[in-house]
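Sequence order for the protein chains is P and S. For the first sequence, the residue numbers in the UniProt record's numbering are 1 to 376. For the second sequence, the residue numbers in the UniProt record's numbering are 1 to 376. Quick notes on the structure that follows.
Protein chains: 2
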Amino acid sequence: MAQQHLDPTDPMAESACGDALAGYLRAQATEFLRALRLHRETGGDGGAPARTKARAGDNGSQESVDAARALRRSARRISASLHTFRPLLDTDWSEAIRPELAWLSGTLAMEHAYAARLERLLLALHRLSGAAVLPAQTGVPGDSADGTADSRTAGDTRPPAHPAATVERGNLTVGAAKAGALLERQLTLARTRAHSSALQALGSSRFHAVADNIAVLASEVPLTPAAATADLRPLAGAAEERLTDAVAALPLVTAGNPYNAEALIHGLSPDPAPHPQDAPWHQVRLLLRLHRYAREVLHGDSAPVDVRLLAAGQALNRHRDASEAAAAAAQAARTPRIAPATAYALGVLHADQRHEVEAARFAFQQSWQMQTVGTP
Amino acid sequence: MAQQHLDPTDPMAESACGDALAGYLRAQATEFLRALRLHRETGGDGGAPARTKARAGDNGSQESVDAARALRRSARRISASLHTFRPLLDTDWSEAIRPELAWLSGTLAMEHAYAARLERLLLALHRLSGAAVLPAQTGVPGDSADGTADSRTAGDTRPPAHPAATVERGNLTVGAAKAGALLERQLTLARTRAHSSALQALGSSRFHAVADNIAVLASEVPLTPAAATADLRPLAGAAEERLTDAVAALPLVTAGNPYNAEALIHGLSPDPAPHPQDAPWHQVRLLLRLHRYAREVLHGDSAPVDVRLLAAGQALNRHRDASEAAAAAAQAARTPRIAPATAYALGVLHADQRHEVEAARFAFQQSWQMQTVGTP
């Protein structure tokens, strides 16, 4: 039943059993420990992120960032495999460690997420302005309730023959720059807090218990007695089925119809972000990841790269990022006493990111369509 | 050369000569005079538009609105035919009357344009809010610099356990409603002024001179001596060629790529609206109209409806309408002392309409593609 989903041409698929799962988990655990060692060596737990530089990768060394990413990467894979192949593993052990891994990768992901969100929003403001809007480059005045007065500092040196036009032109440019400065302030603060939380987490006894568990896993995987010879394919197939069921429930016909204007519906509604309409897509993103990791378990290092699965996953990542960036812009617009020009720029930015959400859904639909056609 | 563009299966096409042009112009002139009479009879020149009702069609009787539309319709067709078939008509006469017709149809079009623009923007706000935002329904307070205070009147009756959240939720709803009220005020004022200008125009000696000219045209078309037997097809073909040349210069590859994010580029730039990138599309819209009217001259009443040409024209109308609505939202956001929540809503609205612009370009590309494939 579920076996029909597997690629029958792959030589590894035939022999995928509990041993393959144990090998995969041992390899990921080893990778986790290697990344943890690297993270400690490269000073990943030293110093807060520089407050004036918020671009991704500016914090600490590139090695430290890579190490944190590798930690999250293996934690996600271990957690996913424990979930998908649950019946083959010691239940008490796996049910105890999964929430701990989720806590860890969630905590470690936040700092990077805030940095990436800020970069995405500043790039969008840049694109929308047709000019550099990074505060450091424009010398933006601080936000105040009096946008009109501030806009006069925009440095338009033409003679004041059309003063109204000058102020109008200045307003929007200053609006974009001030919106950028506001987002930079808010998201850098959030990122700094996330950095502290991550440091606290990595120094906690809770984390040391996780690391101890992973160290054990690197040498001995707690399989059930019957697991060694059990076929992994039904469980992997069930994971794929959960994915295809969730995809089937998505509004793909609408998503495949360009410019359907769905993503911005309720863009001004009183409901707070995040948009409820995004949730099923976020869920598919997680299920796609589980499916991808289950394929890794089955195929081992010889796993063929499925470019269509990759494209679908990238579309869903873009969907998630744009959705959260749009929410951050809307959130920033609720800051008290901002200038109208700042609020206007944040409104444009919010709508721009919601259209990115719509574009990502279209991209997902396109890649998913291709996949269905390609695998008869 | 140009003849290859014509439909060889149409029986009328073979016999299209100066007589057909004269017949077409006489018919349009008669239609103009009929619409003018109807417009006067139905009180088209009585009373200003009601200031509290700004929806299209609420002003005066439906008959009066229809009559004004019929007036513009025939004025456009006469003017277009004089342009396309210029060499076949008395030069002095046609060069004198064309600018007058352009002035007339331009003046008459403004009132309707403002009404339609307001309706488009209020519908968009409605869609974006997921709730009624028409000021009459929500009892919106007037715009003031203090948006936070106003937002408390939004009528949230929940207990004040989370006062911050209550204000935030209220802010955006009130923002959309206030943006709607602001646009209604500004565009109704513009519409009232356009109505007065149209009335003034219809009572002017300048208009009476145009009407006299059209009355002469209804009985006697000033063709050149050679025109009666001249083939209309080369001139009609030249009009089509101007269209296809202009279309070929459009960025159709980009437009056919959904979610290309082109239309919102420079959405926050200091350049004032209208967007320069829209101009070539507006130009194609005019050339498409000239081509369509030239086909009417050639085919007479038996002109087959070209649904693809129709779809392309509708896409370009939508492009024009969305472009102007986006500019109106940006313009409204420059109103001094508006609340940040109002400015935010106008920003979202502006971006929404710019995406409508992009969607219209995509729709044009799709219909134009079909046309090329359909006419081998």
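No residue lacks a Cβ here, since even glycine has one placed at the ideal position from N, Cα and C.
Closer than 8 Å to chain P by CB, residue i
{"i": "arginine 152(S)", "result": "Low local confidence applies: a pLDDT of 32 at arginine 152(S) is under 50, so the model's placement there is unreliable, with the coordinate-based value given in what follows. No, arginine 152(S) lies away from the interface with chain P (no Cβ there is under 8 Å from its Cβ)."}
{"i": "tyrosine 259(S)", "result": "yes"}
{"i": "leucine 235(S)", "result": "no"}
{"i": "leucine 182(S)", "result": "no"}
{"i": "serine 105(S)", "result": "no"}
{"i": "serine 302(S)", "result": "no"}
{"i": "leucine 252(S)", "result": "no"}
Beta carbon proximity, residue i to chain S, threshold 8 Å
{"i": "histidine 275(P)", "result": "no"}
{"i": "leucine 264(P)", "result": "yes"}
{"i": "alanine 176(P)", "result": "yes"}
{"i": "leucine 121(P)", "result": "no"}
{"i": "leucine 268(P)", "result": "yes"}
{"i": "phenylalanine 362(P)", "result": "yes"}
{"i": "arginine 185(P)", "result": "no"}
{"i": "arginine 318(P)", "result": "no"}
{"i": "alanine 359(P)", "result": "yes"}
{"i": "serine 129(P)", "result": "yes"}
{"i": "glutamine 369(P)", "result": "no"}
{"i": "aspartate 143(P)", "result": "Confidence at aspartate 143(P) is low in this model, with a pLDDT of 38, below 50, so its placement is unreliable and the value that follows should be read with caution. Chain S, which has no Cβ nearer than 8 Å to the Cβ of aspartate 143(P), makes this no."}
N- and C-terminal bounds of the alpha helix (DSSP H) containing residue i
{"i": "tyrosine 114(S)", "result": "91–129"}
{"i": "arginine 289(P)", "result": "279–299"}
{"i": "phenylalanine 207(P)", "result": "205–219"}
{"i": "alanine 327(P)", "result": "307–333"}
{"i": "arginine 337(P)", "result": "It is not in any alpha helix (DSSP H) - arginine 337(P) carries neither H nor E in the DSSP assignment."}
{"i": "threonine 84(P)", "result": "62–84"}
Per DSSP, the bridge partner or partners of residue i
{"i": "aspartate 231(S)", "result": "Cys17(S)"}
{"i": "leucine 250(S)", "result": "BP columns for leucine 250(S) are empty, so no partner."}
{"i": "leucine 223(S)", "result": "Leu89(S)"}
Distance cut-off 7 Å: residue i Cβ against heavy atoms of the ligand GDP
{"i": "serine 81(S)", "result": "No copy of the ligand GDP appears in this structure; indeed no ligand is present at all."}
**Item:** Residues of the stretch 332–356 of chain S with Cβ closer than 9 Å to any Cβ of chain P, in chain order
**Value:** Along the stretch 332–356 of chain S, going in chain order, the ones with a CB nearer than 9 Å to a CB of chain P are Ala333, Arg334, Thr335, Pro336, Arg337, Ile338, Ala339, Pro340, Ala341, Thr342, Ala343, Tyr344, Ala345, Leu346, Gly347, Val348, Leu349, His350, Ala351, Asp352, Arg354, His355, Glu356.
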